[in-house]
Each structure stands twice: as structure tokens, then as C-alpha cells.
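Engineer: The opening residue of the sequence shown carries number 2 in this note's numbering; numbering runs sequentially from there. Provided herewith is a single structure, encoded as C-alpha cells, for subsequent inquiry.
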Amino acid sequence: MDEKDCLILQYLYENANLTKAAERFYMTQPALTYRLRQIEKEFQIVIFSKNGKNMKMTPAGEYLVGYAKRILMDLRGTREYLLNMGNEVQGSLKIGVSSNFGLYNLPSILEYLVNQYPNLHVNVDTGFSTEIVDLLMEGEIDVSIVKGEYNWPDQKYLLSEENICLISKNKLDLHKLPQLPLINRKEPTVLMKYKILPIRPLDQSIQCWWNEQFDEPPLITMQLDSYETSKEMVKKGLGYAIIPKVFVKESDDLYCHPLIFKDGQELTRRTWMLYRQSSMQLAAISTFVNYIKEIYKLEHARST
2 MDEKDCLILQ YLYENANLTK AAERFYMTQP ALTYRLRQIE KEFQIVIFSK
52 NGKNMKMTPA GEYLVGYAKR ILMDLRGTRE YLLNMGNEVQ GSLKIGVSSN
102 FGLYNLPSIL EYLVNQYPNL HVNVDTGFST EIVDLLMEGE IDVSIVKGEY
152 NWPDQKYLLS EENICLISKN KLDLHKLPQL PLINRKEPTV LMKYKILPIR
202 PLDQSIQCWW NEQFDEPPLI TMQLDSYETS KEMVKKGLGY AIIPKVFVKE
252 SDDLYCHPLI FKDGQELTRR TWMLYRQSSM QLAAISTFVN YIKEIYKLEH
302 ARST
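Structural data, given as C-alpha cells:
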């Protein structure tokens with residue numbers, strides 16, 4: 002089984018469609034089918050089971066995909082290592098970041114790196130933090146920048162910590178919150194499909210704070226999937242919301258009250274950079290990781 006076979010298996014695991022796979026790898030469908038049969042013959046397994054027009058990968062096929070991914074990771078690591086044996090930073094860098102970091106922070110970081118290292122090729126994935134951590138665990142990316150706490154077994158570096166606050170158009174009597182309309186930002190149910198979930202999702206932490214303050218539930222009048230949308234509803238006086246302070250600008254002209262537990266601890270959300278120590282031998286990855294650390298060391302120094 003060669004590199005192309007590994008790529009085909011990985012693609013078919015993600016997209017169980019022979020026609021699209023054949024197009025993706027510039028093959029005819031009979032040629033692709035023949036190649037799959039040769040792999041099955043080599044390992045004496047069946048990769049797909051068919052039910053009419055539907056294809057489903059067998060457990061043996063899924064195990065083989067895992068093996069194929071490891072081969073691809075080893076091949077890439079070897080190539081990157083040989084490319085970076087000198088001092089020049091080159092090759093590919095695969096990073097994954099949360100959507101908000103990708104919007105507000107990443108563009109200027111990549112602008113500097115690409116200008117500084119023209120032979121560095123950067124591939125970026127953005128999405129939910131849970132999705133990005135899954136990609137890191139699967140070896141699809143080299144470095145991730147995510148929000149929240151995850152059971153990541155390797156290297157992690159704290160980039161920032163932001164307050165969670167209650168926002169409203171006008172100052173509120175906080176004792177009356179249970180009687181006031183809450184514009185609630187809910188976690189999308191799609192997050193449950195990912196293997197790696199945060200240790201404690203933000204909505205659970207907010208619920209803990211609420212239960213400590215009140216004996217009755219909040220009066221939820223809206224369930225939204227966006228902090229920005231929640232903020233815009235608050236600006237129209239339609240209720241209050243609880244969101245990370247990073248989304249609140251001075252120009253929004255909103256009342257902002259941090260959430261504080263009875264023991265004096267503020268409710269916060271952390272942003273982490275996650276990576277593997279073993280990957281730091283590659284110049285492209287170590288350059289990116291160290292640059293991010295330097296940026297946030299300077300930010301921490303300015304804030305203290």
C-alpha cells in the first residue's frame with residue numbers, strides 16, 4: 002500500500018463516494034475500484050459493505066484507515082524533517098484555530114510569517130474549538146489555538162484569559178435577573194458529534210454561577226447561536242445576555258458586569274495553544290509556536 006492508496010482510503014473514509022473519489026484523484030472509477038480490490042487482497046479484508054447504493058466502511062476498513070493516517074503522518078514528518086535540517090524555515094505548516102481567533106488575531110500573525118518566510122506554506126482550518134481539537138488529536142493539523150479546557154495530553158500554552166460578563170443596554174438590578182428576559186447563546190448541538198469535548202463547557206460554568214446566585218431559573222426569551230447576534234439584540238433593549246467580554250467594544254455603549262462567584266473568583270474563559278513536543282524538531286512548527294509565545298508574552302507584560 003503506497004502513499005496514494007493511503008490518501009484514497011482517508012478520502013473515502015470522509016466521503017463514501019467512489020465517483021467523487023475518482024475525480025479527486027484523477028482516476029476512472031474502474032481503476033479506483035481495482036485499486037481498492039488490490040488493497041483488500043493484500044490485507045485479506047473487505048473495506049466497504051454495500052446496501053443497495055449505500056456504502057459503509059467495515060470495522061476492518063476503519064482500522065486500515067487509521068493505519069493509513071499513521072503512514073501519511075510518518076511520511077510527512079520525514080519530509081518536513083529533511084527539509085528543515087538546515088536553518089531555512091520551509092515546508093508546510095498546518096494549523097487550526099477557533100473561528101473568533103481566526104477572525105480577529107490570525108490574519109496579522111500569518112501576514113508576518115508569510116512575509117518573513119516566503120518558503121513556508123501555511124494551511125489553516127477554522128471552526129469550533131471542539132472540532133479543532135479533534136483535528137489535532139487525529140494528526141490532521143500541527144498546532145491548534147482553541148478556547149476552553151480540554152484533556153490534551155501533550156504541550157499547551159496559555160495565551161489569554163477573558164472575563165465572562167453580563168451585558169445590558171442599561172444598568173440592571175442584578176437581584177431581579179430571574180424576572181428579566183435573557184437572550185441566551187446556546188452551544189450548537191452539532192458539537193456533540195466530536196470525540197473530544199471541553200472538560201466543562203462555558204454554558205455549564207454559567208449555569209453554576211446562576212445556581213449559586215438564584216433559586217429560580219432564568220427567563221429565557223431567545224436562544225441564539227451567535228454571541229454577536231446576542232449582543233445586537235441587547236443593543237436594541239430586548240433583554241440581557243451573558244457573553245465573553247472580548248465581544249464587547251467601547252463603542253457598543255453597553256453596561257457590562259463581570260460574573261463573580263461568591264468566593265470572589267471571576268468566571269473566565271481561557272485561550273490555549275496546543276501542540277506536540279515531538280513536532281518542535283520541525284523548523285516550521287517551532288517557528289510558529291515560538292512566535293505566538295513571544296506575541297503573548299509581550300501582551301502579558303503590557304497588561305501587568
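Even for Gly, the Cβ is constructed at its ideal location relative to N, Cα and C. Predicted model only: the values in this text are computed from it and were never measured.
Please report how far the alpha carbon of residue 209 lies from the alpha carbon of residue 179, in whole angstroms.
Structural biologist: About 15 Å.
Engineer: Quick check on residue 206: buried or exposed, where buried means 16 or more other Cβ atoms within 10 Å of its Cβ?
Structural biologist: By the 10 Å Cβ count, residue 206 comes out buried.
Engineer: Out of 16, 302, 170, which one is the CA nearest neighbour of residue 57?
Structural biologist: Among 16, 302, 170, the Cα nearest to that of residue 57 belongs to 16.
Engineer: Since residue 258 and residue 175 should fall inside the 8 Å C-beta cutoff, what is the C-beta to C-beta distance between them, to a whole number of angstroms?
Structural biologist: The Cβ separation is near 7 Å, so the contact holds.
Engineer: When the Cα atoms are used, what is the spatial distance from residue 213 to residue 262?
Structural biologist: Distance between the alpha carbons of residue 213 and residue 262: 7 Å.
Engineer: Quick check: the Cα distance between residue 172 and residue 200, rounded to an integer number of angstroms?
Structural biologist: Answer to the nearest angstrom: the Cα atoms are 33 Å apart.
Engineer: Using the rule of at least 16 other Cβ atoms within 10 Å of the residue's Cβ for burial, across every protein chain shown, is residue 215 buried or exposed?
Structural biologist: Exposed: under 16 other Cβ atoms inside 10 Å.
Engineer: Going by Cα to Cα distance, which pick from 7, 24, 244, 73 is closest to residue 163?
Structural biologist: Ranking the options by Cα distance to residue 163, first place goes to 244.
Engineer: Have a look at residue 256 and residue 249 and give me their C-alpha separation to the nearest angstrom.
Structural biologist: Cα to Cα, residue 256 sits roughly 10 Å from residue 249.
Engineer: What would DSSP say about residue 177, mapped onto helix, strand or coil?
Structural biologist: Residue 177 falls in the helix class under three-state DSSP.
Engineer: Taking buried to mean at least 16 other C-beta atoms within 10 Å of its own C-beta, is residue 75 buried or exposed?
Structural biologist: Result: exposed.
Engineer: Who are the near neighbours of residue 1 in its chain, counting only those whose CB is closer than 8 Å to its CB and skipping five residues on each side?
Structural biologist: Outside the shown range of the chain (2 to 305) lies residue 1, about which nothing can therefore be said.
Engineer: Between 197, 111, 167, which lies nearest to residue 269 when the distance is taken from Cα to Cα?
Structural biologist: For residue 269, the nearest C-alpha among the options comes from 167.
Engineer: Between 144, 165, 169, which has its C-alpha nearest residue 157's C-alpha?
Structural biologist: Nearest option by C-alpha distance: 144.
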